[in-house]
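S.K.: If you want my numbering, it's the 1-based position in the sequence shown plus 2.
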Amino acid sequence: MKGPIFQPKVETRVDDELAFHVEMHTRDLIARGTSPAEARRQAEATLGDRKRLTDECKRLDHDIERSERRTLYLSELLQDAHFALRMLSRRRTFAAIAIATLAIGIGAATAIYSIVDSVLLRPLPFSEPDRIGALWIREPEMAKNPAVAYLAEAMPVGNEEYQAIKAASKTISAVALYTSSTAFVTGSDGTERIGVGKVTSTIFDVLRLRMTLGRRFVNGDDALHSAPVALVSWESWQSKYNGDTAILGKSVVLDREPYTIVGVLPKGVRLLRNDPEIRSYWVPALRDSGDLVSRHNRNYQALARLAPGATFQSASAELSRIVSETVRDSTTGARVEEWQRDESSGSRRTLFGLLGASMFLLVIACVNVAMLLLGEAANRGREMAARAALGAGSGRLARQLLVESLVIAFISALCGSALAWAMMRGLVALAPTYFPGVSDAAIDGRVLAFATALATATGLLFGVAPAISVGRNAISSLARTGTGQSNRKSALLQRGLIATQLALSMVLLTDAFLLSRSFRQLASVDPGFVSQHLSAVRIVMPYQVFQEAGKNRFTAHAIQQRFASLPGVSRAVLASGSPFAGGYGSSPVLVEGADKDSPNARGVHTQQRYVSAGYFETLGFRLIRGRFFNANDVAGGLNVAVLSEAQVKRDFPGRNPIGLRIRHQGQWREVVGVVSDVKHHALKIEPDPTLYVPFDQYPSTSFFVIVREGA
3 MKGPIFQPKV
13 ETRVDDELAF
23 HVEMHTRDLI
33 ARGTSPAEAR
43 RQAEATLGDR
53 KRLTDECKRL
63 DHDIERSERR
73 TLYLSELLQD
83 AHFALRMLSR
93 RRTFAAIAIA
103 TLAIGIGAAT
113 AIYSIVDSVL
123 LRPLPFSEPD
133 RIGALWIREP
143 EMAKNPAVAY
153 LAEAMPVGNE
163 EYQAIKAASK
173 TISAVALYTS
183 STAFVTGSDG
193 TERIGVGKVT
203 STIFDVLRLR
213 MTLGRRFVNG
223 DDALHSAPVA
233 LVSWESWQSK
243 YNGDTAILGK
253 SVVLDREPYT
263 IVGVLPKGVR
273 LLRNDPEIRS
283 YWVPALRDSG
293 DLVSRHNRNY
303 QALARLAPGA
313 TFQSASAELS
323 RIVSETVRDS
333 TTGARVEEWQ
343 RDESSGSRRT
353 LFGLLGASMF
363 LLVIACVNVA
373 MLLLGEAANR
383 GREMAARAAL
393 GAGSGRLARQ
403 LLVESLVIAF
413 ISALCGSALA
423 WAMMRGLVAL
433 APTYFPGVSD
443 AAIDGRVLAF
453 ATALATATGL
463 LFGVAPAISV
473 GRNAISSLAR
483 TGTGQSNRKS
493 ALLQRGLIAT
503 QLALSMVLLT
513 DAFLLSRSFR
523 QLASVDPGFV
533 SQHLSAVRIV
543 MPYQVFQEAG
553 KNRFTAHAIQ
563 QRFASLPGVS
573 RAVLASGSPF
583 AGGYGSSPVL
593 VEGADKDSPN
603 ARGVHTQQRY
613 VSAGYFETLG
623 FRLIRGRFFN
633 ANDVAGGLNV
643 AVLSEAQVKR
653 DFPGRNPIGL
663 RIRHQGQWRE
673 VVGVVSDVKH
683 HALKIEPDPT
693 LYVPFDQYPS
703 TSFFVIVREG
713 A
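#1: In three-state DSSP terms, what is Met373?
#2: Would you list, in sequence order, the uninterrupted beta strand (DSSP E) runs of no fewer than 3 residues that lie entirely inside the segment 171 to 243?
#3: In the DSSP output, what is Gln402 paired with across the bridge?
#4: Nearest to Val674 by CA position, among Val371, Pro701, Asn634 and Tyr302, is which residue?
#5: Which residues in the same chain as Ala525 place their Cβ atom closer than 8 Å to its Cβ, once the five residues preceding and following it in sequence are excluded?
#6: Runs of 4 residues minimum, wholly inside the segment 601 to 642: which ones carry the alpha helix (DSSP H) assignment?
#7: DSSP three-state label for Thr692, please.
#8: Considering only the beta carbon of each residue, do Pro689 and Gly530 sit closer than 8 Å?
#9: Could you tell me whether any Cβ in chain D is nearer than 8 Å to the Cβ of Asp30?
#10: Taking the beta carbon of Asn658 as the centre, do at least 16 other beta carbons fall within 10 Å, making it buried, or is it exposed?
#11: Figure out for me which residue from Thr502, Thr173, Pro590 and Ser346 has the closest Cα to the Cα of Glu320.
#12: Check the DSSP bridge columns for Ser335 and list the partner residues they point to.
#13: Could you give the first and the last residue of the continuous beta strand (DSSP E) run that contains Gln303?
#14: Do Leu421 and Ala170 have their C-beta atoms within less than 8 Å of each other?
#15: Who does Val644 pair with in a DSSP beta bridge?
#16: Quick check on Gln669: does DSSP put it in helix, strand or coil?
#17: Verify whether the separation of the beta carbon atoms of Ala111 and Leu456 is less than 8 Å.
#18: What is the rounded straight-line gap between the Cα of Pro38 and the Cα of Asp65?
#19: Excluding five sequence neighbours on each side, which residues of the same chain lie with their C-beta closer than 7 Å to the C-beta of Tyr75?
#20: Would you kindly report the start and end of the unbroken alpha helix (DSSP H) that includes Gly107?
#21: Could you compute how far the alpha carbon of Ser507 sits from the alpha carbon of Pro569?
#22: Three or more C-beta pairs closer than 8 Å, one from the segment 691 to 703 and one from the segment 644 to 655: is that the case here?
#23: Within the chosen definition, does the segment 579 to 588 reach the segment 698 to 709 through at least 3 CB pairs nearer than 8 Å?
#24: For Met144, tell me which candidate among Lys598, Arg624 and Ser589 has the shortest Cα-Cα distance.
#25: Starting from the C-beta of Leu209, find all residues in its chain whose C-beta is less than 6 Å away, skip the five residues before and the five after it, and write them out in chain order.
#26: I want to know whether the segment 243 to 252 touches the segment 192 to 202 - three or more CB-CB distances under 8 Å.
#27: Given this structure, state the Cα-to-Cα distance separating Ser567 from Ala433, to the nearest angstrom.
#28: Report back the beta-carbon spacing between Ser203 and Phe219 to the nearest angstrom; my notes put them in contact at under 8 Å.
#29: Whole angstroms are fine: how far does the CA of His535 sit from the CA of Gln723?
#30: Are Ala287 and Asp224 closer than 8 Å when you measure CB to CB?
#31: In the DSSP output, what is Leu592 paired with across the bridge?
#32: Over what stretch of residues does the beta strand (DSSP E) that includes Ile263 continue unbroken?
#33: Taking only three categories from DSSP, how would you classify Glu130?
#34: Leaving out the 5 sequence neighbours to the left and right, which residues in its chain are closer than 6 Å to Thr460 when beta-carbon positions are compared?
#35: Going by DSSP in three states, Phe515 sits in which element: helix, strand or coil?
#36: Figure out for me which residue from Leu153, Ala312 and Ala637 has the closest Cα to the Cα of Asp132.
Right, here's the structure in full:
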């Protein structure tokens, strides 16, 4: 009871102290023979500027008082925390239930936040990342064609546009092309397939990378037919070369071509944040003449760094003009958007939805624990009455219960953080590949700070209501009766908490029901082929193998036969892509004899698939007209094609296309069959018009072997 709250006000103490000083000095002077009036004047004079002295003394006293109050407050908090731990150790069942309930809620929210932080919130590890933009070509006309509508606002960039933008743009200081690929590296221990990044030398101006060792790519490195040089990633430098500083000048064989290593990249650099691995080597882009032929060969993603004073809107407007003039098409333009936002556009809504759901779950957990605390507080009626009788006010009792709530919350946060790590690893494993940066998610300082803030907020959330209720009732009801029963207000509070819990639970249950219904609806959608007992394996071969005449088809069919001979495999076929697994492309298709003013005369972009004989039978396609591909549809034979129903409806409405010709990739092909539509991309997307070409007439360096198990 001796705290500073019972001391007189600072102003009163200071005034009394100064008056006492003047009075004692006056008496001393009078005793020495000074007149009373003179003695008073001299005593006042010794204080100097009385107002300044008074203000200074008051300031010092206020500081001392604040320090004493703070010390007392912290001391009481420590006492409350110690008492809370003792009470929890005595009520172990209650403590275990409360801590486990909150730990699950905090753990789930923290795990999801760690992914949200990695994908959406954490800045990219480059200088001024908010000035780096993703550059895409816009072709609004494509939106009219379902086969390529998804490319209308995000078309890759080709060399023609790149060179024009680099030469003429004023709103960007640097532009670069890049793509991720694979290559076969040959060494003393054999050959393995690794990830390779292809970049223009300007990528270092865009990202402002500083090499760990050696030099970056320079302008001449990405010139046509320039000497092959390579940069090695920091991770490969450590794992494959043991951090050898003498690596510069050494040679590495990629796809049978020797490259000279000229530098080591910084640690952790990814061209694509959704890459499952860091690319082992970077090699110059545009060394191949195939990259330079025309604007239709748009194989690269592009990055641009804004010039000082420029915005993404002004850059988009300027680059649209440059691209439109370059390709001589007024409908073609360009779009520049902040890189991180562009990469995460497909995951933003999903992640924030999951975070919101986890917060709902945490609030439900808080309501559960609040109800437990109300019940426990009611059972501690005698204790609260005794403390009130000893002088503890309602605020003091409320603070004790609030501290107990915070202790429970922080213990739950510790347990929840450990649980969050396990949950996070599971979520990362299940996350779609288009979530950029998800593999970098970690329970680090930022996430632990979030967990701490979450613990404080939850402790206050579930602790305030019981604390106020008990503090209000302790002196009145509990002190008077000594019972542990809740009064009417406590009962109303409990009913309110129950109603809140039911409402939040209904929201989550409704969301879960809608999600499960959507899943059932998707599962019931007919994809257009028989998916049971079907598997696909992607094969990537060195490009040089497919440049050797005849060896490409021989190698592909040899692999096909090996799969077909495996036990339990009834069929094995080759295809450039597999349903829902990618590997597809699109090209303009012209119809012979079409009206010169119609789109079919100019060429309409159409999804294309290169498949071997037996493909349609293996996947269970329905034959609508004509025939499937057979063993006679080989290189050197008649150029043939099979169309999907959707393409027939678009290009040959009301006509039988069998025997008619179309032009694809510069070759005329005779239509020999029509097959049923198949959902290649997603169950919720309607089938695209699709053109099928014999695999032997258009082999590729990358293809799928699709096998069916059983009879």
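Even for Gly, the Cβ is constructed at its ideal location relative to N, Cα and C.
M.R.: Walking through what the data contain:
#1: Met373 falls in the helix class under three-state DSSP.
#2: 174 to 189, 192 to 201 and 231 to 234, all fully within the segment 171 to 243.
#3: In the DSSP assignment, Gln402 is bridged to no other residue.
#4: Comparing Cα-Cα distances from Val674 to each of Val371, Pro701, Asn634 and Tyr302, the minimum goes to Asn634.
#5: Answer for Ala525: no residue qualifies.
#6: Runs found: 601 to 604 and 617 to 621.
#7: Note: Thr692 maps to strand in three-state DSSP.
#8: Yes, they are a contact pair.
#9: Given the protein chain composition of this structure (a single chain), no chain D is represented.
#10: Counting Cβ neighbours within 10 Å, Asn658 comes out exposed, since fewer than 16 surround it.
#11: Here the closest residue by C-alpha is Thr173.
#12: For clarity, residue 335 is Gly in the given sequence; the question names Ser instead. Gly335 is bridged to Arg140.
#13: Residue range Gln303 to Leu308 is occupied by the beta strand (DSSP E) that includes Gln303.
#14: No Cβ-Cβ contact shorter than 8 Å links Leu421 with Ala170.
#15: For Val644, which the question treats as bridged, DSSP gives the partners Gly675 and Tyr694.
#16: Correct three-state label for Gln669: strand.
#17: Cβ distance < 8 Å, so Ala111 and Leu456 count as in contact.
#18: Cα atoms of Pro38 and Asp65: separation of roughly 37 Å, rounded to the nearest angstrom.
#19: Beyond the five residues adjoining it in sequence on each side, Tyr75 comes within less than 7 Å, by CB distance, of no other residue in the same chain.
#20: For Gly107, the enclosing alpha helix (DSSP H) covers residues Arg94 to Val118.
#21: Answer to the nearest angstrom: the Cα atoms are 51 Å apart.
#22: Yes, they touch.
#23: A contact exists between the segment 579 to 588 and the segment 698 to 709.
#24: It is Ser589 whose Cα lies nearest to the Cα of Met144.
#25: Excluding positions up to five away in sequence, the list reads Phe128.
#26: Taking a cut-off of 8 Å for Cβ pairs, the segment 243 to 252 and the segment 192 to 202 do not touch, as fewer than three such pairs fall below it.
#27: Their Cα atoms are separated by approximately 35 Å.
#28: Contact flag correct, Cβ pair sits at about 4 Å.
#29: Any question about residue 723 goes unanswered here, given that the chain covers just 3 to 713.
#30: Going by beta carbons, Ala287 and Asp224 fall inside the 8 Å limit.
#31: Answer is Arg665, bridged to Leu592.
#32: Taken as a continuous stretch (DSSP letters only), the beta strand (DSSP E) holding Ile263 covers Glu259 to Val266.
#33: Correct three-state label for Glu130: coil.
#34: Within its own chain, the residues whose Cβ lies closer than 6 Å to the Cβ of Thr460, once the five positions on either side in sequence are excluded, are Cys368 and Ala411, listed in chain order.
#35: Here Phe515 sits in helix by DSSP.
#36: Asp132 has its Cα closest to that of Ala312, out of Leu153, Ala312 and Ala637.
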